[in-house]
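S.K.:
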Amino acid sequence: MQMKTLTTPAVALTLSALAQTATADEIDFLCYQDGTECDVIAELSARFTEETGHVVNTNIVSYEVIRDQLLKQLQAGDTVPDLARVTDLGGMAPYFLDIAPYVDSAYYEANFAATLPWMRPAGDTAGIYGWPGMGATGPFVNLTMFEDAGVDVPEAGATWDDWVTALTEVKDTLGLDAAFALDRTAHRWAGPAFSFGAKFMDDTGEPILVDDGFRTIAELFIDWHKSGFMPVEGWPAGAGTSFRNAAPLFLNGQVAMHFGGSWLINSYDSNITDFDWKAVPVPCGEGGCGAMVGGPAVAGFKSTDHPEAVAKFIDFMAREDIGAEYHAKTQSIPAHAGLQQTGIEYQGASARVADALNVFADNALKAATTTPQAFAFQGYPKNFVIYGVVPDYLTKAINGEVSLDEALAAIDADVKAKIAE
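Mapping of the sequence shown onto mature numbering (1 follows the signal peptide of the UniProt record, and there is no 0): residues -24 to -1, 1 to 397, in sequence order.
Set out below in structure tokens:
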């Protein structure tokens, strides 16, 4: 496992901080970044060291390390870092450190009420388990392609039918191999599924995947691949439960739309130089305007030998002033209610980036009001199981290995079996 380590020692310690060094701790923080998130946290942690004397060693790793290795290490009882930036909140919740004894819980309830439940183990309604983030899925479009094809970009409130019609016209006019790409994971697929009426969760909080809305989007999704609307390099090229990133297809100008998420804004702004692009509102359907919400969180683990230092660092990052600086520098969406109200002054952000951030923030708001199952599903402890099971069997249906009915039956049975484990 390759990692980049950034150690932030005490700098210009004050007399009070010097007095604390006798009890100062050194904690290890495992972090992945889509852009500069870990770099900014490491920079801010130097200030934390000045204030407390505690030292934070920020170890930067790939997302695959967080996604594929960390949970297995926790389950096996292996040595893990003191805290980490993670995305599988439900799966890792049993291992998170409850920092409530060390922080002002009322502050967290006032500012993170919508996202705290995502990090709590089943049955817990009061624990504080970290600093939650916010993000939303949604589409990016290649404006240059639309302009070259002479096709108008559908406006906010447009349906999936409107978008399929427009994208197909762009594809046919320009001779593209495909028009639309979506990452191979049910996390991205969930947004369109919600729009077509898929509930994902029942009133008791249990998953109900294969309902009428789920069948509708599954059938459409297979048809979109058969017709060439979606690329063979995407879902059909994947295997099993593996994730497949569709961003390269958009970056390389192979498709006119990528349904990704807010975490891609800075990457696209930095790396796309040969065409114009923008984020657009999520398409709507009879079920609403569906986007999947969520985002990485910084959480400590019960196994740490330094729970107070871990709690203090999380509390430091959750502060309104520190959070404002973090989100401004990383150009990200806050989960903090106060910052959502006052807004973030994004430092050096281009008009395109600022507009994209606002679009994705609105996508999250639309999800809250029209497809609230997105918030329930994000907090479901075994959602990562579903993220992989859905593409596994849908890909087999796309590739003609099984029928749609067989795929849906297998999804239903496999999810039930894995949840029962």
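Every residue gets a Cβ at the ideal spot worked out from N, C-alpha and C, and that includes glycine.
The model shown is predicted, which means the values in this text are computed figures rather than measured ones.
Along the chain, where does the alpha helix (DSSP H) containing Arg191 start, and where does it finish?
M.R.: Asp188 to Lys202
S.K.: Which two residues bound the contiguous alpha helix (DSSP H) that contains Ile395?
M.R.: Leu380 to Ala396
S.K.: So the alpha helix (DSSP H) Arg220 belongs to, where does it begin and stop?
M.R.: Taken as a continuous stretch (DSSP letters only), Arg220 belongs to no alpha helix (DSSP H), as it is neither H nor E.
S.K.: Please report the Cβ distance between Ala223 and Leu196, rounded to the nearest whole angstrom; I am assuming they are in contact, meaning their Cβ atoms lie under 8 Å.
M.R.: Wrong, their Cβ atoms sit about 22 Å apart, outside the cutoff.
S.K.: Could you check whether the segment 138 to 147 touches the segment 77 to 95, counting it as contact only if at least three pairs of C-beta atoms, one from each stretch, sit closer than 8 Å?
M.R.: No, they do not touch.
S.K.: According to DSSP, is Cys260 helix, strand or coil?
M.R.: strand
S.K.: Indicate the three-state DSSP secondary structure (helix, strand or coil) for Lys305 in the structure shown.
M.R.: helix
S.K.: With contact counted as at least three CB pairs below 8 Å, one residue from each stretch, are the segment 278 to 296 and the segment 103 to 121 in contact?
M.R.: yes
S.K.: Is there a Cβ from chain C that is less than 8 Å from the Cβ of Ala311?
M.R.: In the displayed structure, chain C is absent; only one protein chain is listed.
S.K.: Closest to Glu131 by C-alpha separation, out of Asp281, Thr55, Ala255 and Met177, would be which residue?
M.R.: It is Ala255 whose Cα lies nearest to the Cα of Glu131.
S.K.: Start and end of the alpha helix (DSSP H) containing Asn33?
M.R.: It is not in any alpha helix (DSSP H) - Asn33 instead sits in the beta strand (DSSP E) that spans Val31 to Ile36.
S.K.: Secondary structure at Phe251, three-state DSSP: helix, strand or coil?
M.R.: coil
S.K.: Buried or exposed: where does Val208 fall if 16 or more other Cβ atoms within 10 Å of its Cβ makes it buried?
M.R.: exposed
S.K.: Which residues in the same chain have their Cβ closer than 7 Å to the Cβ of Leu65, if we skip the five residues on either side of it in sequence?
M.R.: Trp94, Met95 and Ala273
S.K.: Could you work out which residue in Glu296, Thr161, Gly167 and Gly299 is closest to Gly364 when comparing CA atoms only?
M.R.: Thr161
S.K.: What do you reckon, are the CB atoms on Ile298 and Ser238 nearer than 8 Å?
M.R.: no
S.K.: Helix, strand or coil: which one does DSSP assign to Glu2?
M.R.: strand
S.K.: When the Cα atoms are used, what is the spatial distance from Ala300 to Glu19?
M.R.: 14 Å
S.K.: Within 10 angstroms of its Cβ, does Ser171 collect 16 or more other Cβ (buried), or is it exposed?
M.R.: Result: buried.
S.K.: Rounded to a whole number of angstroms, what is the C-alpha to C-alpha distance between Pro(-16) and Ile3?
M.R.: With a pLDDT of only 43 at Pro(-16), under the threshold of 50, the placement of this residue in the model should not be trusted, and no figure is reported.
S.K.: Comparing C-alpha positions only, which one of Phe5, Phe360, Gln349 and Asp188 sits nearest to Met268?
M.R.: Gln349
S.K.: Please go through the same chain and pick out, in chain order, the residues whose beta-carbon is closer than 8 Å to the beta-carbon of Arg43, but skip the five residues on each side of it.
M.R.: Thr63, Asp64 and Phe219
S.K.: Classify residue 400 as buried or exposed, calling it buried when 16 or more other Cβ atoms lie within 10 Å of its own Cβ.
M.R.: There is no way to answer for residue 400, as the model of the chain reaches only from -24 to 397.
S.K.: Taking the beta strand (DSSP E) that His234 belongs to, which residues open and close that run?
M.R.: Met233 to Gly237
S.K.: Looking at His201: is its Cβ nearer than 8 Å to the Cβ of Ile374?
M.R.: yes
S.K.: Applying the 10 Å Cβ sphere with the 16-neighbour rule, what's the burial state of Met(-22)?
M.R.: The pLDDT assigned to Met(-22) is 46, lower than 50, so where the model puts this residue is not dependable; a value taken from the coordinates is nonetheless given after this. Exposed, because fewer than 16 other Cβ atoms sit within 10 Å of the Cβ of Met(-22).
S.K.: Return the residue from the list Thr149, Leu384 and Asn118 that minimises the CA-CA distance to residue 401.
M.R.: This structure does not reach residue 401, given that the chain is present from -24 up to 397, and the question cannot be answered.
S.K.: Kindly indicate which residue of His312, Asp390, Phe336 and Phe360 has the alpha-carbon position closest to the one of Val86.
M.R.: Note that residue 86 is Ala in the sequence shown here, rather than Val. The shortest Cα separation from Ala86 among His312, Asp390, Phe336 and Phe360 belongs to His312.
S.K.: Near Leu119, which residues of its chain fall below 8 Å by C-beta distance, leaving aside the five closest residues on each side in sequence?
M.R.: Val129, Phe251, Asp252, Trp253 and Lys254
S.K.: Would you tell me roughly how many angstroms separate the C-alpha atoms of Ala69 and Val127, rounded to the nearest one?
M.R.: 47 Å
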